[in-house]
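Following UniProt numbering, the numbering of the sequence shown begins with 1 at its first residue and continues without gaps.
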Amino acid sequence: MLNSQLQQLKDLLKIHWGFSEFRYGQEQAISNVLNKTNTVVVMPTGGGKSLIYQLPALILDGVTIVISPLIALMKDQVDSLDKIGIPATFINSSLTATETASRLSAIKNSRYKLVYIAPERFYSREFIELIKSLTVALFAIDEAHCISEWGHDFRPSYMKLREVIKLVGSPTVAALTATATPEVRADIIKQLELQNPSVIITGFDRPNLKFGVIRASDAQKYGHLLDIVRQIGGAGIIYAGTRQKVEDILEYLLANGITAIGYHAGMEAADRQYVQNEFMSGAARIIVATNAFGLGIDKRDIRLIIHFDMPGTIEAYYQEAGRAGRDGQKSYCILFYSPADRYLREFFIAGDNPPPRVITQVYAALLSYDSDTVLATYSELMEGVSEQVPDMAIGTALKILEKESYLERSREKNGLAYLRFMERPEQVRESLGAKAKVQTKTLQALIKHYGESLLSGVEFSPEDLAALGSVKREAVTRLVKKLTEENLAEYRPPFRGTEIKILQRVKPEELRIDFSALKAKHKRELHKLDLMESYVFHDSCRRKYILDYFQDSAAKNCSMCDNCATLNELPAVNSRQSKSINQSAVISLETKLTQLQTYELYQQSMSLEEMAQRRNLKPATIVQHLCFLIEHGKPIDINRFVEPKKQQLIKKAARQIGADRLTPIKEMLGNDFNWDEIRLTLAKTVDKF
Numbered sequence: 001m002l003n004s005q006l007q008q009l010k011d012l013l014k015i016h017w018g019f020s021e022f023r024y025g026q027e028q029a030i031s032n033v034l035n036k037t038n039t040v041v042v043m044p045t046g047g048g049k050s051l052i053y054q055l056p057a058l059i060l061d062g063v064t065i066v067i068s069p070l071i072a073l074m075k076d077q078v079d080s081l082d083k084i085g086i087p088a089t090f091i092n093s094s095l096t097a098t099e100t101a102s103r104l105s106a107i108k109n110s111r112y113k114l115v116y117i118a119p120e121r122f123y124s125r126e127f128i129e130l131i132k133s134l135t136v137a138l139f140a141i142d143e144a145h146c147i148s149e150w151g152h153d154f155r156p157s158y159m160k161l162r163e164v165i166k167l168v169g170s171p172t173v174a175a176l177t178a179t180a181t182p183e184v185r186a187d188i189i190k191q192l193e194l195q196n197p198s199v200i201i202t203g204f205d206r207p208n209l210k211f212g213v214i215r216a217s218d219a220q221k222y223g224h225l226l227d228i229v230r231q232i233g234g235a236g237i238i239y240a241g242t243r244q245k246v247e248d249i250l251e252y253l254l255a256n257g258i259t260a261i262g263y264h265a266g267m268e269a270a271d272r273q274y275v276q277n278e279f280m281s282g283a284a285r286i287i288v289a290t291n292a293f294g295l296g297i298d299k300r301d302i303r304l305i306i307h308f309d310m311p312g313t314i315e316a317y318y319q320e321a322g323r324a325g326r327d328g329q330k331s332y333c334i335l336f337y338s339p340a341d342r343y344l345r346e347f348f349i350a351g352d353n354p355p356p357r358v359i360t361q362v363y364a365a366l367l368s369y370d371s372d373t374v375l376a377t378y379s380e381l382m383e384g385v386s387e388q389v390p391d392m393a394i395g396t397a398l399k400i401l402e403k404e405s406y407l408e409r410s411r412e413k414n415g416l417a418y419l420r421f422m423e424r425p426e427q428v429r430e431s432l433g434a435k436a437k438v439q440t441k442t443l444q445a446l447i448k449h450y451g452e453s454l455l456s457g458v459e460f461s462p463e464d465l466a467a468l469g470s471v472k473r474e475a476v477t478r479l480v481k482k483l484t485e486e487n488l489a490e491y492r493p494p495f496r497g498t499e500i501k502i503l504q505r506v507k508p509e510e511l512r513i514d515f516s517a518l519k520a521k522h523k524r525e526l527h528k529l530d531l532m533e534s535y536v537f538h539d540s541c542r543r544k545y546i547l548d549y550f551q552d553s554a555a556k557n558c559s560m561c562d563n564c565a566t567l568n569e570l571p572a573v574n575s576r577q578s579k580s581i582n583q584s585a586v587i588s589l590e591t592k593l594t595q596l597q598t599y600e601l602y603q604q605s606m607s608l609e610e611m612a613q614r615r616n617l618k619p620a621t622i623v624q625h626l627c628f629l630i631e632h633g634k635p636i637d638i639n640r641f642v643e644p645k646k647q648q649l650i651k652k653a654a655r656q657i658g659a660d661r662l663t664p665i666k667e668m669l670g671n672d673f674n675w676d677e678i679r680l681t682l683a684k685t686v687d688k689f
């Protein structure tokens, strides 16, 4: 890079970003890009990776394509660039065909210097043809670890990028990531077919972060959480392992006067954006979220990251913890741990690594359909599987079959419901009556919008209908339930499954899939989980443990973590009681996976009978599973199964007779109480006696 170019870049750096100098590693990486040298960059979270492709894009001839894994992330990046006067846009599935065509036309006319694209777009041949017509100067791949099956966040869509790079004329490639072990770095280079690339590693150390671990039961975690949130001021992120846990923690914090907000992938896009804005603006001090939140979030004053549940890998943990203290100020990264955390992670790993026989059975189930285009839910495909596996294992099996070109899944889901009135709309309104005001309001919106078409049947979005009637989504559900119960309408709920196109029909036993590689991947993920759990029980410097994992030569004792020093500001982290859980207490997957499958159905708000039917088990067995889950800290709301008044009477009997004497309790209560009610109530309250 010439001195004149360097000065030009520094001027642009000052004009657009307000910085006078580059951070460590940025200048070398940018120089590589301008010299057309393919480069792999590993910088810690908040280290300034995005500048490496954003700044050169301003002086390169042609457009810079940026591959980004999340729609919300690319919108945030584009909005930020627009604010500092840099022309950028994005193309993803959130746009209509007209909007996409308009933006591509503007790109051809050199209106934009940076274009963010979701990798899934490259499944479309038509889209690739459009991209081929552009002059691409730089191909930047954000979150490049997603291309590696050795990484913690492998995304099959990234595997298309090697082909795309060739199709757009093999421009200079910059692959960037915050968390990549030597194995992942080597795999990035291999998968992208980069010849003699420059590899820039600026180190992983974040010296301003204080790490600590609290070992406690799920029930104890809540108290520790409240103490820490109150003790440490400033913004904070609390990561939870499931959507339900996010809701539970949020409810707990709000009830205790903490200004907090919740975020997970099950929320509507508009709601997620609102929540993100509230947190970024400071209107909400604490955000409780699954790992769906945080990628690309540039909030520099986050003081606290709490992992309520143990993550599955060191990479995932350090990436999420690294969102604290980007301004260089002292910040805290606290990990909570209970034995059930391992159990949950093993459950996710099992779902992400189905055995070979499950893959072949899922394929066989698809072949049983006469048509090559199949509309099926995971539950329907599960019927063809001979063993108990999580629902997510069916989705993984489909991904594997798709990767090997045996099938293709539609990326568009039909979220429309079907409704047909059995009587004229006026008669239906009269039959419903005037007392149910919310239902009447919803029905009026339905009739006003569709009119007489309701007699022949209409497809509609329950969410849109709720908006039209200014009611909640649940009101629409109650209305159609009422109409069908009284034989006033025929209703079919929105299809929530997947449209699958079978591309090859072969005998299931003749599938050409490298099952040995899949088994190795499963083993590798369990090993990474072992290393994550070892971090919990590590008795020396925590920061050094993490840096050693990434083979960072700068690893040394930090003198700041809970093992190196006493964190006086956080008494719970130093508590001997919080470290009393023995590593041998870890729950094994082989004996306990079945209970988590029940937990997955419980989170779908199923009744005992529905869970039993889905699992092909007796209701009493489902109750046993729920009792086990309660005992291991899972948030089971038994009010769904046992009336509160009955719970009070059961507790009273247990206090008089003893909580471990079920038969005398049953005899005392009489036939109005069944064994399931007694077992669930005692499981929920036995620790209080």
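Quick reminder that beta carbons are idealized off the backbone N, C-alpha and C, glycines included.
This structure is a prediction, so every number in the text was calculated from the model and none was measured.
Q | Other residues of its chain near residue 569: CB distance less than 8 Å, five sequence neighbours each side excluded | A | 231, 232
Q: For residue 353, count neighbouring C-beta atoms within 10 Å of its own C-beta (all shown protein chains included) and say buried if the count is 16 or more, exposed if not.
A: buried
**Q.** Three-state class that DSSP yields for residue 734 in the structure shown
**A.** One cannot answer for residue 734 here, as it falls past the ends of the chain, which runs 1 to 689.
Q: Output the boundary residues of the beta strand (DSSP E) element that contains residue 112.
A: Counting along the chain, residue 112 falls outside any beta strand (DSSP E), and DSSP gives it neither H nor E.
**Q.** From 143, 86, 117, 85, residue whose alpha carbon lies closest to that of residue 100
**A.** 117
Q | residue 307 in three-state terms, based on DSSP | A | strand
Q) Beta carbon of residue 535: closer than 7 Å to some heavy atom of the ligand ATP? A) Ligands displayed in this structure: none; no statement on the ligand ATP is therefore possible.
(Q) Please identify the residue among 408, 92, 262, 447 whose C-alpha is closest to the C-alpha of residue 430. (A) 447
Q: Would you list, in sequence order, the uninterrupted alpha helix (DSSP H) runs of no fewer than 4 residues that lie entirely inside the segment 164–201?
A: 182–192
Q: Give the DSSP-derived three-state secondary structure of residue 39 in the structure shown.
A: strand
Q.
By the DSSP assignment, the beta strand (DSSP E) with residue 417 in it spans what residues?
A. 417–421
(Q) Assuming residue 562 and residue 213 are in contact, meaning their beta carbons sit under 8 Å apart, how far apart are those beta carbons, in whole angstroms? (A) 6 Å
(Q) With H, G and I counted as helix, E and B as strand and the rest as coil, what does DSSP make of residue 545? (A) helix
Q: Would you mind stating whether residue 169 and residue 235 have Cβ atoms separated by less than 8 Å?
A: no
Q | Buried versus exposed call for residue 152 [16 or more other C-beta atoms within 10 Å across all chains shown] | A | buried
(Q) Quick check: what's the CA-CA separation for residue 341 versus residue 607? (A) 25 Å
Q.
Within 10 Å of its beta-carbon, does residue 679 have 16 or more other beta-carbons around it, so buried, or fewer, so exposed?
A. buried
Q. Any idea which residues DSSP pairs residue 375 with across the strands?
A. 499
Q. Do you know whose CA, among 82, 55, 26, lies nearest residue 42's CA?
A. 26
(Q) Quick check: what's the CA-CA separation for residue 433 versus residue 426? (A) 11 Å
**Q.** Extent of the continuous beta strand (DSSP E) run through residue 90
**A.** 88–91
Q: Put residue 18 into one of helix, strand or coil per three-state DSSP.
A: coil
Q | Beta-carbon contacts of residue 328 that lie in its chain and below 6 Å, excluding the five residues immediately before and after | A | 208
Q. In terms of residue numbering, what span does the beta strand (DSSP E) encompassing residue 690 cover?
A. No statement about residue 690 is possible, as the shown extent of the chain runs from 1 to 689 and does not include it.
Q: Decide yes or no for the touch test of the segment 16–30 against the segment 65–73: beta carbon pairs closer than 8 Å, at least 3 of them.
A: no
Q: Measure from the alpha carbon of residue 696 to the alpha carbon of each residue in 10, 70, 11, 204, then state which is nearest.
A: With the chain covering only 1 through 689, there is no way to say anything about residue 696.
Q | First through last residue of the alpha helix (DSSP H) which encompasses residue 209 | A | Here residue 209 belongs to no alpha helix (DSSP H); instead the beta strand (DSSP E) covers 209–215.
Q. Going by the beta-carbon positions, is the gap between residue 325 and residue 237 smaller than 8 Å?
A. no
Q. Whose C-beta lies closer than 7 Å to the C-beta of residue 183 among residues of the same chain, with five residues either side of it excluded?
A. 150
(Q) How far does the beta strand (DSSP E) with residue 333 in it extend, from its first residue to its last? (A) 331–337
Q: Going by DSSP, name the residue or residues bridged to residue 407.
A: 502
Q) Should residue 384 and residue 361 be called a contact, given that it needs their Cβ atoms to be closer than 8 Å? A) yes
Q: Return the chain-ordered ranges of every alpha helix (DSSP H) run that is complete within the segment 52–92 and spans a minimum of 4 residues.
A: 71–83
Q.
For residue 492, list the residues DSSP reports as bridge partners.
A. 418
Q. Can you tell which of 255, 62, 311 has its C-alpha closest to the C-alpha of residue 334?
A. 311
(Q) So the candidates are 11, 56, 379, 85; which of them puts its Cα closest to the Cα of residue 613? (A) 379
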